[in-house]
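S.K.: Numbering (the numbering used here), first residue to last: 289 to 948.
Every residue gets a Cβ at the ideal spot worked out from N, C-alpha and C, and that includes glycine.
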């Protein structure tokens with residue numbers, strides 16, 4: 289529709305989406321919103337005007353808008369363990385403005401962190417409304433450690449006597465000690481506010497100390513680490529600790545400051561997207577995502593230091609870091625611009641005690657949320673850092689910059705699942721996700737009770753299949769004979785070394801025992817020795833006996849060998865080509881390589897089902913495999929993955945299952 293109505297804007301939108309898909313954003317305040325969040329924002333809710341709050345609107349027709357906003361409020365309160373939530377602020381800046389209006393009078397005193405030490409414009413910058421309307425004093429960081437010195441903060445507070453103290457991080461990479469700030473606030477009888485716009489996701493996942501119960505008010509954005517829509521949020525206690533006998537409690541003051549104080553009608557389509565975002569953040573997979581954000585950031589900071597680039601405060605505890613490029617005698621604007629050209633996006637940023645001007649400072653801020661959403665892990669993050677350092681050290685060498693651009697394209701091509709994942713999973717309704725999973729139990733010498741337990745689990749979850757060793761086929765079939773769950777027998781693991789006649793006996797025995805299909809390990813050693821005729825003849829003799837998934841052992845093969853093995857599998861009229869044997873040399877840290885193998889198999893053998901296996905333990909792992917083109921997932925963690933997909937809490941368990 290946009291393409292016909294306004295082709296100019298349509299083309300610019302298209303170009304921007306392509307830019308996002310084809311680059312690596314290391315901007316700490318950016319992320320990819322989920323497909324569900326984007327859908328919520330693009331709805332007819334934009335048509336509604338709804339000044340006021342649920343049950344107290346100034347316009348009619350708000351029955352459903354009230355329900356949406358109420359859901360968003362309740363989810364925000366639950367997610368952040370807050371007594372009160374206001375979901376209407378259009379941005380983090382407006383959330384901060386509303387808090388100031390609620391708690392302060394013109395020129396009242398505020399103590400906030402200095403911009404060069406990691407603060408935000410709304411924390412008292414003289415070019416911002418905050419610095420012009422209120423009387424700010426600032427605390428910074430220690431000149432040696434570049435960390436906040438809480439004793440120095442206390443000295444400033446006792447001298448300045450602020451009415452509000454702000455704890456925040458915009459470019460500060462260390463833990464915020466809310467408890468210690470509260471002790472200072474109590475001494476000077478001031479409100480305590482935390483701006484957690486950058487670390488909100490980490491806080492909800494329990495990976496950063498929580499601002500409650502220490503803070504009176506908490507503000508945040510809903511994008512960044514929360515991965516939601518662009519917007520703001522205010523959380524607070526209900527009781528006013530400083531003014532307990534006032535006409536209004538703290539929550540009422542906040543609400544009045546938002547509307548009618550600084551805003552009119554809320555953005556209902558964005559509030560709906562916030563509600564979706566809060567629900568997504570309650571899922572177990574979100575905590576795993578936040579953990580990976582920190583792991584990736586720490587890997588990046590460590591690699592910068594290994595490459596000789598100083599990291600402010602000597603590392604990071606959260607999702608971001610600031611590097612010092614002053615030794616290179618060039619402002620960070622030039623480096624930012626040159627990184628833009630190769631598809632790496634960062635933002636220039638001041639470092640503590642910076643001598644350069646704000647427009648062209650000495651630092652670069654980098655963050656890991658977006659590339660973590662894309663699927664990058666520590667190994668790839670280190671690779672990205674090496675590319676950045678190579679550009680910084682060769683800023684005037686075009687040949688090197690051209691090579692860096694090529695490397696960025698290669699890396700991005702392997703991790704485009706940030707867009708594909710949502711699309712693919714949307715086509716597989718979550719209630720049907722079990723039907724693409726082959727639940728696997730391949731423990732040699734397993735007791736009957738163990739087989740029964742996992743088979744009953746397969747029945748309960750209605751998985752596509754239950755994959756077992758030959759000696760367990762008969763028992764598995766007895767339990768699953770009146771269900772839709774197939775029994776799959778693994779034949780001749782780990783490398784398919786048995787003679788064809790012996791393999792044929794194994795397959796026929798599986799058929800007699802009730803197997804619905806087999807997973808046949810290709811003669812991998814013969815294949816590696818280029819005995820292609822013998823390998824193909826073996827497959828052609830065995831595949832007609834039962835529907836067959838051929839395991840090619842992709843972890844042992846080159847890309848060309850994967851193509852050849854996939855072609856032979858199709859020629860032998862198997863139903864499926866599968867990646868790994870039980871002892872696949874690729875472990876769970878090599879998901880990128882596994883995904884590449886699946887893409888090769890998909891392109892080489894159209895019409896064949898593709899089964900991915902090998903350390904697929906989480907919903908995120910499954911999504912990566914699906915994005916690459918897998919049709920079936922082999923895992924011993926099927927129960928946990930389905931539970932995670934349905935938002936259930938997943939407990940980490942240890943058992944004796946063999947993970948495919």
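To the nearest angstrom, how far is the alpha carbon of residue 795 from that of residue 833?
M.R.: Cα-Cα distance, rounded: 7 Å.
S.K.: Taking the straight line between their C-alpha atoms, what separation do you get for residue 856 and residue 774?
M.R.: 25 Å
S.K.: Quick one: residues in its chain with C-beta nearer than 8 Å to the C-beta of residue 416, no 5 flanking neighbours on either side, listed in chain order?
M.R.: 409 and 410
S.K.: Rounded to the nearest angstrom, how far is the Cβ of residue 657 from that of residue 607, given a contact under 8 Å?
M.R.: 6 Å between Cβ atoms; contact.
S.K.: Figure out for me which residue from 851, 376, 594 and 899 has the closest Cα to the Cα of residue 820.
M.R.: 851
S.K.: The alpha helix (DSSP H) that contains residue 559, what's its start and end?
M.R.: 556-569
S.K.: Give the DSSP-derived three-state secondary structure of residue 434 in the structure shown.
M.R.: coil
S.K.: Which residues in the same chain have their Cβ closer than 8 Å to the Cβ of residue 702, if we skip the five residues on either side of it in sequence?
M.R.: 880, 883 and 884
S.K.: DSSP on residue 622, reduced to helix/strand/coil?
M.R.: In the structure shown, residue 622 adopts helical secondary structure according to DSSP, grouped into three states.
S.K.: Could you please give me the residues that DSSP links to residue 655 through a beta bridge?
M.R.: 608
S.K.: How big is the Cα-Cα spacing for residue 388 and residue 452?
M.R.: Approximately 9 Å between the Cα atoms of the pair.
S.K.: Chain B beta carbons: is any one of them nearer than 7 Å to that of residue 791?
M.R.: Checking the listed chains, one finds no chain B in this structure; it contains a single protein chain.
S.K.: The beta strand (DSSP E) that contains residue 807, what's its start and end?
M.R.: 805-809
S.K.: Where in the stretch 706-787 do unbroken runs of the alpha helix (DSSP H), each at least 4 residues long, occur, reported from the N-terminal end onward?
M.R.: When DSSP assignments are scanned along the stretch 706-787, the uninterrupted stretches of alpha helix (DSSP H) that are 4 or more residues long and fall wholly within it turn out to be 736-749 and 761-768.
S.K.: Need the endpoints of the alpha helix (DSSP H) that residue 417 sits in, please.
M.R.: 417-421
S.K.: How many angstroms separate the CA atom of residue 637 from the CA atom of residue 438?
M.R.: Those two C-alpha atoms are separated by around 24 Å.
S.K.: Determine the direct distance from the alpha carbon of residue 802 to that of residue 725, and round the result to whole angstroms.
M.R.: 20 Å
S.K.: If I'm right that residue 357 touches residue 552 with Cβ under 8 Å, what's the distance once you round it to whole angstroms?
M.R.: Actually they are not in contact, since the Cβ atoms of residue 357 and residue 552 sit about 15 Å apart, beyond 8 Å.
S.K.: Taking 6 Å as the line, does the beta carbon of residue 540 fall inside it for any heavy atom of the ligand SAH?
M.R.: Summarising the ligand content, the structure contains no ligands, and the ligand SAH is consequently not present.
S.K.: Pick out the complete alpha helix (DSSP H) segments inside the stretch 294-326, 4 residues or longer, and give them in chain order.
M.R.: DSSP runs (the alpha helix (DSSP H)) wholly in the stretch 294-326: 295-309.
S.K.: At the level of alpha carbons, what is the spacing between residue 899 and residue 797?
M.R.: 24 Å
S.K.: Using a Cβ-Cβ cutoff of less than 7 Å, which residues in the same chain neighbour residue 644 once the five nearest sequence positions on both sides are dropped?
M.R.: 619 and 650
S.K.: Spell out a yes or no on whether the stretch 307-319 and the stretch 655-669 are touching, meaning 3 or more CB-CB pairs, one atom from each, closer than 8 Å.
M.R.: yes
S.K.: On the DSSP bridge assignment, give the partners of residue 481 in chain order.
M.R.: 454 and 505
S.K.: Hey, would you say residue 808 sits closer than 7 Å to residue 840, going by beta carbons?
M.R.: no
S.K.: My guess is that residue 838 and residue 866 are in contact by the Cβ rule of under 8 Å, so how many angstroms apart are they, rounded?
M.R.: 7 Å
S.K.: Measure the Cβ-Cβ separation of residue 287 and residue 427 and say whether it is below 7 Å.
M.R.: One cannot answer for residue 287 here, as it falls past the ends of the chain, which runs 289 to 948.
S.K.: Thinking C-alpha only, which one of 500, 449 and 495 is nearest residue 475?
M.R.: 449
S.K.: Using 7 Å as the threshold, is the C-beta distance between residue 353 and residue 365 below it?
M.R.: no
S.K.: Which one of 915, 372, 328 and 793 has the shortest CA to CA distance from residue 528?
M.R.: That would be 372, whose Cα lies nearest to the Cα of residue 528.
S.K.: Counting Cβ pairs closer than 8 Å, one from the stretch 519-536 and one from the stretch 376-384, do we hit at least three?
M.R.: yes
S.K.: Sort 902, 633, 887 and 456 by Cα distance to residue 868 and report the nearest one.
M.R.: 902
S.K.: Can you list, in chain order, the residues of its chain whose CB lies under 6 Å from that of residue 492, leaving out five sequence neighbours each side?
M.R.: The answer, listed in chain order, is 367 and 569.
S.K.: Between the C-alpha atoms of residue 813 and residue 759, what's the straight-line distance to the nearest angstrom?
M.R.: Roughly 25 Å between the two C-alpha positions.
S.K.: I need the DSSP call for residue 641, collapsed to helix, strand or coil.
M.R.: coil
S.K.: Out of curiosity, what's the CA-to-CA distance linking residue 480 and residue 473?
M.R.: 6 Å
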